[in-house]
Amino acid sequence: MKFEKGFLLGAATAAHQVEGNNTHNDCWAQEQMKYTSYAEPSLDAVDHYHRYEEDIRLLKEAGLNAYRFSLEWARIEPEEGVFDEKEIEHYRDVILCCKKYGVEPVVTLFHFSSPVWLIRKGGWEADSTPDDFAAYVRVVAEKLGPELGLVCTINEANMGLQIAAIAQRYRQQMMAAAARLKAGGADNQVQMGINFKTMMENQKRIAEENKEVFGTENPAVFCSARSAESDAIVMKAHEKARAVLRKLCPQVRLGLTLSLHDVQAADGCEKQAEQVWNSEFSHYVPYIKDDDFLGVQCYSRNIIGENGPLPVPEGAAVTQMGYENYPESLEHVIRRVHAEFGGDIIVTENGIATADDAERVKYLGTAIAGVQSCIRDGIPVKGYFCWSLLDNFEWQKGFAMTFGLIAVDRSTQKRFPKPSLAFLGSYAPD
Ligand code: BGC
Numbered sequence: 008m009k010f011e012k013g014f015l016l017g018a019a020t021a022a023h024q025v026e027g028n029n030t031h032n033d034c035w036a037q038e039q040m041k042y043t044s045y046a047e048p049s050l051d052a053v054d055h056y057h058r059y060e061e062d063i064r065l066l067k068e069a070g071l072n073a074y075r076f077s078l079e080w081a082r083i084e085p086e087e088g089v090f091d092e093k094e095i096e097h098y099r100d101v102i103l104c105c106k107k108y109g110v111e112p113v114v115t116l117f118h119f120s121s122p123v124w125l126i127r128k129g130g131w132e133a134d135s136t137p138d139d140f141a142a143y144v145r146v147v148a149e150k151l152g153p154e155l156g157l158v159c160t161i162n163e164a165n166m167g168l169q170i171a172a173i174a175q176r177y178r179q180q181m182m183a184a185a186a187r188l189k190a191g192g193a194d195n196q197v198q199m200g201i202n203f204k205t206m207m208e209n210q211k212r213i214a215e216e217n218k219e220v221f222g223t224e225n226p227a228v229f230c231s232a233r234s235a236e237s238d239a240i241v242m243k244a245h246e247k248a249r250a251v252l253r254k255l256c257p258q259v260r261l262g263l264t265l266s267l268h269d270v271q272a273a274d275g276c277e278k279q280a281e282q283v284w285n286s287e288f289s290h291y292v293p294y295i296k297d298d299d300f301l302g303v304q305c306y307s308r309n310i311i312g313e314n315g316p317l318p319v320p321e322g323a324a325v326t327q328m329g330y331e332n333y334p335e336s337l338e339h340v341i342r343r344v345h346a347e348f349g350g351d352i353i354v355t356e357n358g359i360a361t362a363d364d365a366e367r368v369k370y371l372g373t374a375i376a377g378v379q380s381c382i383r384d385g386i387p388v389k390g391y392f393c394w395s396l397l398d399n400f401e402w403q404k405g406f407a408m409t410f411g412l413i414a415v416d417r418s419t420q421k422r423f424p425k426p427s428l429a430f431l432g433s434y435a436p437d
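Just remember that the numbering used here sits 7 ahead of the position in the sequence shown, which is counted from 1.
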């Protein structure tokens, strides 16, 4: 069934994952390090920086009417206080290109990658970061303001808390393994494949290398374990950006986006599940109640047991990312968010990493049926964006994860639309 007129149906990307050569940001710096945890460097990525017009045209030809992409802060402000006009004009061109093709641009101001200078100042643990972010947003608003319509301030503002929870569980496993080693046991009891000794040795080298590159042993990049203080800093950055945009371009409709799992409780673990949901979503509600929409980003579910998320249920299908292929999660999350937030919702990301495009078609069909059922029940879902328009650079996991509606041969940068692109387009409003 097609969506009704006015519904935004599109696909999403993020600058560092598709543009190529984002040499001034922290991810690029980390990719180049000797003791990097990145599987491979992003390099030219899929050269979207030069090929955006072709990509937007393919999106339009498939029937989609909206494109979500991000501006790269480190391109626009490669050094603190130094703004690059040429890069600002580049993004104006991308926005105008969308408009030329009748595609609604949805602009994300920050999608995970930060300028290296920001991290050298303390990054996402520094009190000065909200003002630095607001200064960048002010320049964007002054220069591109009249072109902007829908804006996401910060992508997955809750990512750091999720990473902190995973890191804590991981640390507990490591400590248990260390205790066993000390007692003369083996180091093969940690669930994931880790060479415990090498990792410990590398930690020291990583710290030294971090000191060289970022001036600190523990760089507070956006996607690192976050303290409660840092969580508040991210919210402050969002609020300051909102104030700037409200003042300089009042026509803009804005929100942040959150990474949300369909949090389900294992028998008897309702309390634990409630805590996880509160950390992932509920405690943000006061910060977003004055926004124009919330960007919901959901891929799968987490079943919460006594001590946190349980492994994927036995026999369940998993995606390339290792988590469960569970497209029903989106509908569940939208309903739950609506009960607490009440405002407009845009699904700013949803999709699946798979080499089998027929599997993607199935996943999208189920997820979209869920969205449409929410809309029938009166929930104000205003848009749906598939992650991702293109196969791209999946951060530390590199190019092996294929989320795209369009495949790319990176040796020629040639684009190959997959059947899922046309399938998604078939839901577009007339
Ligand atoms: C992020 C994207 C990422 C996607 C798939 C989201 O967490 O916003 O940058 O590629 O999920 O993992």
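We put the beta carbon where it would ideally sit given N, CA and C, even for glycine. All values derive from a computational prediction rather than experimental measurement.
**Message:** Let me check you understand the geometry: is the CB of residue 360 closer than 8 Å to at least one non-hydrogen atom of the ligand BGC?
**Reply:** What you label residue 360 is simply residue 353 of the sequence shown in a count that begins at 1. Because some heavy atom of the ligand BGC lies under 8 Å away, the Cβ of residue 360 counts as near it: yes.
**Asked** Does at least one heavy atom of the ligand BGC sit under 8 Å from the Cβ of residue 119?
**Response** Position 112 of the sequence shown, counted from the start, is the residue given in the question as residue 119. Indeed, a heavy atom of the ligand BGC lies less than 8 Å from the Cβ.
**Asked** Rounded to a whole number of angstroms, what is the C-alpha to C-alpha distance between residue 74 and residue 418?
**Response** Looking up residue 74 in the sequence shown gives position 67. Looking up residue 418 in the sequence shown gives position 411. Approximately 25 Å between the Cα atoms of the pair.
**Prompt:** For the putative contact between residue 9 and residue 435, defined by C-beta atoms under 8 Å, what is the C-beta separation to the nearest angstrom?
**Reply:** Here residue 9 is taken as the residue at index 2 of the sequence shown, counted from 1. Here residue 435 is taken as the residue at index 428 of the sequence shown, counted from 1. Confirmed, Cβ separation roughly 7 Å.
**Request:** Starting from residue 281, trace the alpha helix (DSSP H) both ways and give me its first and last residue.
**Result:** Position 274 of the sequence shown, counted from the start, is the residue given in the question as residue 281. It spans 277 to 287 - the alpha helix (DSSP H) in which residue 281 sits, taken as one unbroken run.
**Message:** Closest to residue 45 by C-alpha separation, out of 92, 406 and 167, would be which residue?
**Reply:** To locate residue 45, count along the sequence shown from 1; it is residue 38. Ranking 92, 406 and 167 by Cα distance to residue 45 puts 406 first.
**Message:** Using only the alpha-carbon positions, how far apart do residue 115 and residue 166 sit?
**Reply:** In the sequence shown, counting from the first residue as 1, residue 115 sits at position 108. In the sequence shown, counting from the first residue as 1, residue 166 sits at position 159. C-alpha separation (whole angstroms): 16 Å.
**Message:** Given this structure, state the Cα-to-Cα distance separating residue 313 from residue 173, to the nearest angstrom.
**Reply:** Translated into positions along the sequence shown, residue 313 becomes position 306. Translated into positions along the sequence shown, residue 173 becomes position 166. Roughly 15 Å between the two C-alpha positions.
**Prompt:** In whole angstroms, what separates the C-alpha of residue 110 from that of residue 66?
**Reply:** Taking the sequence shown and counting its residues from 1, the one referred to as residue 110 is at position 103. Taking the sequence shown and counting its residues from 1, the one referred to as residue 66 is at position 59. If you take the alpha carbons of residue 110 and residue 66, they lie about 9 Å apart.
**Request:** Starting from the N-terminal side, write out each stretch of the alpha helix (DSSP H) that is 4 residues or longer and does not extend beyond the region 281 to 364.
**Result:** 292 to 295 and 336 to 348
**Request:** Tell me where the beta strand (DSSP E) around residue 430 begins and ends.
**Result:** Locating residue 430 in the sequence shown gives position 423, where the first residue counts as 1. That residue, residue 430, is in no beta strand (DSSP E); its alpha helix (DSSP H) goes 426 to 432.
**Prompt:** Among 140, 270 and 217, which residue has its Cα nearest to the Cα of residue 339?
**Reply:** As a working note, residue 339 is residue 332 in the sequence shown. Ranking the options by Cα distance to residue 339, first place goes to 270.
**Asked** Just the Cα atoms here: how many angstroms apart are residue 432 and residue 425?
**Response** By one-based count along the sequence shown, residue 432 stands at place 425. By one-based count along the sequence shown, residue 425 stands at place 418. C-alpha separation (whole angstroms): 12 Å.
**residue 108, enclosing beta strand (DSSP E) - first and last residue** = Stepping through the sequence shown from its first residue, residue 108 is reached at position 101. Where residue 108 is concerned, there is no enclosing beta strand (DSSP E), given that its DSSP letter is neither H nor E.
**Prompt:** In this structure, does DSSP put residue 23 in helix, strand or coil?
**Reply:** Mapped onto the sequence shown, residue 23 falls at position 16. Residue 23 falls in the helix class under three-state DSSP.
**Message:** Rounded to whole angstroms, what is the Cα-Cα separation between residue 78 and residue 373?
**Reply:** For the purposes of this step, residue 78 is taken as the residue at position 71 of the sequence shown. For the purposes of this step, residue 373 is taken as the residue at position 366 of the sequence shown. Taking the straight line joining both Cα atoms gives about 31 Å.
**Asked** For the alpha helix (DSSP H) that contains residue 43, what are its first and last residues?
**Response** The sequence position of residue 43 within the sequence shown is 36, counting from 1. Segment: none, residue 43 is in no alpha helix (DSSP H) and carries neither H nor E.
**Request:** Could you spell out where the alpha helix (DSSP H) holding residue 392 opens and where it closes?
**Result:** As a first step, residue 392 must be located in the sequence shown, where it is residue number 385. It is not in any alpha helix (DSSP H) - residue 392 instead sits in the beta strand (DSSP E) that spans 388 to 394.
**Prompt:** Within 10 angstroms of its Cβ, does residue 423 collect 16 or more other Cβ (buried), or is it exposed?
**Reply:** The count along the sequence shown starts at 1 and reaches residue 423 at position 416. Classification of residue 423: exposed, given that the 10 Å Cβ count is below 16.
**Item:** Under the three-state DSSP convention, the category residue 254 falls into
**Value:** What you label residue 254 is simply residue 247 of the sequence shown in a count that begins at 1. Note: residue 254 maps to helix in three-state DSSP.
**Item:** Test item: CB-CB of residue 331 and residue 319 under 9 Å
**Value:** For the purposes of this step, residue 331 is taken as the residue at position 324 of the sequence shown. For the purposes of this step, residue 319 is taken as the residue at position 312 of the sequence shown. Going by C-beta atoms, residue 331 is nearer than 9 Å to residue 319.
**Request:** Would you be able to state if there are at least three C-beta pairs under 8 Å between the region 384 to 395 and the region 10 to 19?
**Result:** yes
**Prompt:** Do the region 133 to 144 and the region 285 to 305 make contact, defined as three or more Cβ pairs closer than 8 Å?
**Reply:** no
**Message:** As a quick exercise: from 61, 86, 113 and 107, pick the residue whose alpha carbon is nearest that of residue 122.
**Reply:** Residue mapping note: residue 122 aligns to position 115 of the sequence shown, counting from 1. Residue 122 has its Cα closest to that of 86, out of 61, 86, 113 and 107.
**Item:** Sequence-distant residues of its chain with Cβ nearer than 6 Å to residue 411 (five each side left out)
**Value:** Mapped onto the sequence shown, residue 411 falls at position 404. Cβ neighbours of residue 411 beyond the five flanking positions: 395, 397 and 398.
**Item:** 3 or more residues per run - each beta strand (DSSP E) lying fully within the region 112 to 176
**Value:** 157 to 161
**Prompt:** For residue 101 versus residue 252, is the C-beta distance shorter than 9 Å?
**Reply:** As a first step, residue 101 is located in the sequence shown; it is residue number 94 there, counting from the start. As a first step, residue 252 is located in the sequence shown; it is residue number 245 there, counting from the start. It is not a contact, given that the beta carbons lie outside the stated cut-off.
**Prompt:** Could you give the C-beta distance for residue 83 and residue 94, rounded to a whole number, given that I count them as a contact under 8 Å?
**Reply:** Against the sequence shown, residue 83 aligns to sequence position 76. Against the sequence shown, residue 94 aligns to sequence position 87. Right, their Cβ atoms sit about 5 Å apart.
**Request:** Determine the closest residue to residue 12 out of 416, 428, 388 and 430, with distance taken between C-alpha atoms.
**Result:** To locate residue 12, count along the sequence shown from 1; it is residue 5. The shortest C-alpha separation from residue 12 is found at 388.
**Message:** Less than 9 Å between the beta carbons of residue 350 and residue 300, yes or no?
**Reply:** Locating residue 350 in the sequence shown gives position 343, counting from the first residue. Locating residue 300 in the sequence shown gives position 293, counting from the first residue. Closer than 9 Å, so yes.
**Message:** Distance check for residue 98 and residue 70, CA to CA, integer angstroms please.
**Reply:** The residue given as residue 70 occupies position 63 in the sequence shown. The residue given as residue 98 occupies position 91 in the sequence shown. The alpha-carbon atoms of residue 70 and residue 98 are separated by roughly 23 Å.
**Request:** State yes or no: is the C-beta of residue 410 nearer than 8 Å to some heavy atom of the ligand BGC?
**Result:** For the purposes of this step, residue 410 is identified with residue 403 of the sequence shown, where counting begins at 1. At least one heavy atom of the ligand BGC is nearer than 8 Å to the Cβ of residue 410, so yes.
**Prompt:** Tell me which same chain residues have a C-beta within less than 8 Å of the C-beta of residue 421, skipping the five on either side of it?
**Reply:** Within the sequence shown, numbered from 1, the residue matching residue 421 stands at position 414. Once the five neighbours on either side are set aside, the close Cβ partners of residue 421 are 415.
**Request:** Measure the C-alpha to C-alpha separation of residue 50 and residue 268 and round it to an integer number of angstroms.
**Result:** The sequence position of residue 50 within the sequence shown is 43, counting from 1. The sequence position of residue 268 within the sequence shown is 261, counting from 1. One C-alpha to the other measures close to 31 Å.
**Request:** Could you check the C-alpha separation between residue 303 and residue 171 for me, to the nearest Å?
**Result:** Counting from 1 along the sequence shown, the entry for residue 303 is found at position 296. Counting from 1 along the sequence shown, the entry for residue 171 is found at position 164. Roughly 20 Å separates the two Cα atoms.
**Asked** How long is the line joining the alpha carbons of residue 150 and residue 52, rounded to whole angstroms?
**Response** Working through the sequence shown from its first residue, we reach residue 150 at position 143. Working through the sequence shown from its first residue, we reach residue 52 at position 45. C-alpha separation (whole angstroms): 27 Å.
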